[in-house]
Amino acid sequence: MEVKGDEYRVWYEPSSSIVYCQGSLRLAGMEEYAPIVGMLDNIIQENPKQLTLNLCELEFLNSSGINVLSKFVIKVRQKESIKIIVCGSDAIPWQRKSLKNLQRLMSSLVLEWQS
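Under the working numbering, residues 383 to 497 are what the sequence shown spells out, in order.
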């Protein structure tokens, strides 16, 4: 599964249960994020035991994108059977604050940081 744009790429590796987000996500509103939301919803339906969201190469995410991630984490939390790990990069300033907020939505969410 993959969603691509001029400045971004979001894809899923089912063999490792990792969602990768790369580039700059500056989509205008929830309508433009719909393909990504659909992909994330499909992944939740597959009910993996563990899911990793790798954001280490996601340089920019606007408020609509943060909203998408927040809703995704809430859906995973409601599922109760999926453990989620979010990987972020210390080198990308927005991630430190924004990703900690995801942990507030799901206390069992594990945050991992790469330099």
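Ideal Cβ positions, reconstructed from N, Cα and C, are used throughout, including at glycine. Predicted, not measured: the structure shown is a model, and the values here were computed from it.
Give the single residue among the options whose Cα lies nearest to the Cα of residue i.
| i | options | result |
| --- | --- | --- |
| L437 | I467, Y415, G387 | I467 |
| Q477 | E441, N429, Q432, V455 | E441 |
| Y390 | L443, G420, D423, M421 | L443 |
| I448 | K479, D388, G387 | K479 |
| L407 | F454, K461, D388 | D388 |
| S452 | Q404, D423, I474, W495 | D423 |
| W495 | Q460, K461, G405, T434 | T434 |
How many whole angstroms separate the CB atoms of residue i and residue j, which I take to be in contact at a CB cut-off of 8 angstroms?
| i | j | result |
| --- | --- | --- |
| G470 | L487 | The Cβ separation is near 15 angstroms, so there is no contact. |
| V385 | I425 | In fact, because the Cβ distance is near 12 angstroms, the residues do not count as touching under 8 angstroms. |
| Y472 | S490 | For the record, residue 472 in the displayed sequence is Asp; it is not Tyr. So it is not a contact: roughly 22 angstroms between Cβ atoms. |
In chain order, what residues of the same chain have a beta carbon less than 8 angstroms from the beta carbon of residue i, not counting five sequence neighbours either side?
| i | result |
| --- | --- |
| E428 | P396 |
| Q432 | S399, I464, K465, I466, I467 |
Between which residues of its own chain and residue i is the CB-CB distance below 7 angstroms, once the five residues before and five after are set aside?
| i | result |
| --- | --- |
| S446 | L409, G411, M412, Y415 |
| I456 | L487 |
| Q485 | L491, L493 |
| Q404 | Y390, R391, E439, L440 |
In terms of residue numbering, what span does the beta strand (DSSP E) encompassing residue i cover?
| i | result |
| --- | --- |
| I474 | That residue, I474, is in no beta strand (DSSP E); it is neither H nor E in DSSP. |
| E428 | Not the beta strand (DSSP E): E428 falls in the alpha helix (DSSP H), residues 411-428. |
| A493 | Contrary to the premise, residue 493 reads as Leu rather than Ala in this sequence. 492-496 is the extent of the beta strand (DSSP E) around L493. |
| S406 | 400-407 |
Using a 10 Å radius around the Cβ and a threshold of 16 neighbouring Cβ atoms, would you call residue i buried or exposed?
| i | result |
| --- | --- |
| V450 | buried |
| V458 | buried |
| P430 | buried |
For residue i, report the span of its alpha helix (DSSP H) as first-last.
| i | result |
| --- | --- |
| R459 | 445-461 |
Between which residues of its own chain and residue i is the CB-CB distance below 6 angstroms, once the five residues before and five after are set aside?
| i | result |
| --- | --- |
| W393 | E384, Y402 |
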